[in-house]
Structure formats: structure tokens, C-alpha cells
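So the structure is just underneath, and the comments pick up after that.
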Amino acid sequence: MEAILYGILSNGLFFDRRLVLPRPDCEKKSVLVLAQYLTTEVIGLTWIYLSSVGRKVRFWPRRYHSWHEHFVLAPLYSLVCAVFFVSNSSKQGVLPRLNMFIGLTGMDWIMKQARLLKMGTNKLWNSFFHAGMIVLSRILYIKIRQKQ
7 MEAILYGILS
17 NGLFFDRRLV
27 LPRPDCEKKS
37 VLVLAQYLTT
47 EVIGLTWIYL
57 SSVGRKVRFW
67 PRRYHSWHEH
77 FVLAPLYSLV
87 CAVFFVSNSS
97 KQGVLPRLNM
107 FIGLTGMDWI
117 MKQARLLKMG
127 TNKLWNSFFH
137 AGMIVLSRIL
147 YIKIRQKQ
């Protein structure tokens, strides 16, 4: 049934093909930026969830910790991180990466002081996470956005 529906829709019986064709490069660039953002978001969120399973990172740490609090705050944390990564990945040099690393470490420090984030015994894990995501965001920029 899906193959028949796909065949009808792809032949253009129900919609105008001009709506599907790409327009100028500005929309193509915005689609590539969105693809880079979503890829970075998914990878970062997966990494955060895996580290929370290993109890390296906890959001809203309390004596009795439920997963509900973690699933509320972890996507917001990953969203902010992904915005940092995507906005600075196009810049060349060491200084933008250092600024990203310091900014994200500062955000973690503020969240720790507000008692919204608790790191495990290994504080090096978070630095490894940020450094790895900074390198990965640059690689994604090269793979996705520069192949226009």
C-alpha cells in the first residue's frame, strides 16, 4: 500500500512539483545548517544519556533520583551545547574552539553552583565530552556544510 501511495505522490498527481524543487542557495544553506545542528544535537544527547546511565552526569541530583528530571533537563542542556557547537564550528583557528570550551565549562560550573548538575567522581569526563564534541562539530561542518 505504501509503495502505491509513494508512486502516486512522486508522480505529481496530488501536488505541484515546483513546491518540491530547491530554490536559491540561501535555503540550501539553511537546510545544511539545520542538518548540522540536528546531527550535533542527536550525538550530544546520546552521549549525555549514555553518561547518565553510567552515573557520570546527573541532572537535578537529589537523594532519590528519578529519570523524569533527567529527561526534562538533558535535552535543554544538549540544545544549548549544540547551538554553541554549530555557531562556532565554521570559524577557523584555535581561539573559537578555546572560547567554546571555556563557555561550556563555565555553563557547567554555573549549573553545578545552582545544583542542577552533578558530575561523578571523574570530572575529566565532562572535559572529554566537550573537547570531543568540539572536534566532532568541526568535522561535521566540513562534511556537511562545505559540500555545497
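Numbering (this note's numbering), first residue to last: 7 to 154.
No residue lacks a Cβ here, since even glycine has one placed at the ideal position from N, Cα and C.
In this text the structure is predicted, and so the values were computed from the model without any measurement.
With 16 or more other CB atoms across the displayed protein chains lying within 10 angstroms of its CB, R103 is buried. Scanning Y147, V63, S96 for the CA closest to the CA of L130 turns up V63. Secondary structure of R103 (DSSP, three-state): helix. By the criterion of at least three beta-carbon pairs nearer than 8 Å, the region 97–112 is not in contact with the region 44–54. The same chain holds no residue with a CB closer than 7 Å to that of K149 once the five nearest residues on each side in sequence are set aside. In the displayed model, K149 falls within a helix according to three-state DSSP. In its chain, beyond the 5 residues on either side, R64, F65, H76, A80 have a beta carbon closer than 8 Å to the beta carbon of S58. With contacts defined as CB atoms closer than 8 Å, S143 and F91 qualify as a contacting pair. Around the CB of A88, 16 or more other CB atoms lie within 10 Å, so the residue is classed as buried.
The DSSP assignment places complete alpha helix (DSSP H) segments of no fewer than 4 residues inside the region 49–125 at 73–94, 101–119, in order along the chain.
Ranked by how close their Cα comes to the Cα of S84, the residues L146, L44, V141 have L44 in first place. Taking 8 Å as the upper bound for CB-CB distance, V86 and M113 are in contact here, some 7 Å apart. The residues F90, N94, I140, in chain order, have a CB closer than 6 Å to that of M106 in the same chain once the five nearest residues on each side in sequence are set aside. In the three-state reduction of the DSSP assignment, K34 falls in the helix class, which pools H, G and I.
Minimum Cα-Cα distance from I108 among the listed residues I54, T46, A120, N132 corresponds to N132.
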